[in-house]
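Here's the structure, in structure tokens; my notes come after.
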Amino acid sequence: MFKRLRSGSRKNATYTAFREVGRVIRTVQLLRYLSDAPLRRRVTAATNKVEAFNGFSQWLGFGNRGVIADNDPVEQEKAMKFNALLTNTVVFHNALDMAEIVRQLLEEGWEIDPEDLAHISPYLTEHINRFGEYSIHELGIQPEAYDPKLDVDFTPLRDEGPTAAGFSRAA
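Note that numbering that gives the first Met the number 0 has the sequence shown beginning at 0, numbered continuously upward.
And the structure:
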């Protein structure tokens, strides 16, 4: 049977039968989706979560606008896995921070509604500095004082024009 299906012949009766069954299933699912408002809300919520995750992941993998420039499949897979690892790590960290805040609020006597918690997203970016924070004061290196004054007299340039500075036109 698989051999017949793999042949890809549209004249094959088994292929035609499975194609029609697939169309019927798709039509039934579409009609169910259109007639069932709670199902549409669940599908929309799930789609929004996936899109939010993808946007968050793309924001974290900011280098080269998410384009993997390497043609090597191994390197492409590495880049995707590193981005997924980074994304999951930040989501986990955000979830831990959010749980700690909820615990603190409960200890302070706040009432936390589980419905409200269901609307909180771990895809937060405001607290993330993607480019790092660099400090050299811990190394004890003091930069030299900046002196904006140059000991150069620019008045000849103002008086005689650009040729006085040695920028002559080629003859």
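Yeah, the Cβ is synthetic: ideal placement off N, Cα and C, and Gly gets one too.
Where residue i sits in the DSSP three-state scheme
i, result
"Ser120", "coil"
"Phe130", "coil"
"Gln141", "coil"
"Phe153", "coil"
"Ile24", "helix"
"Asp112", "coil"
"Lys10", "coil"
"Glu107", "coil"
"Glu19", "helix"
"Lys80", "helix"
"Glu99", "helix"
Beta-carbon proximity check, residue i vs residue j, cutoff 8 Å
i, j, result
"Asn93", "Pro121", "yes"
"Asn82", "Leu105", "no"
"Met97", "Ile111", "no"
"Arg39", "Tyr32", "yes"
"Ile67", "Gln75", "yes"
"Phe55", "Thr86", "yes"
Own chain, CB closer than 8 Å to residue i, minus 5 neighbours either side, in chain order
i, result
"Phe61", "Arg129"
Cut-off 6 Å between Cβ atoms - residues of its own chain near residue i, not counting five sequence neighbours on either side
i, result
"Asp146", "none"
Check: residue i C-beta below 7 Å from any heavy atom of the ligand HEM
i, result
"Gln103", "Annotation note on the ligand HEM: not contained in the displayed structure, which lists no ligands."
| task | Could you pull out every unbroken beta strand (DSSP E) segment of at least 3 residues lying fully inside the stretch 45 to 77, listed in chain order? | result | Fully enclosed beta strand (DSSP E) runs of no fewer than 3 residues are not present anywhere in the stretch 45 to 77.
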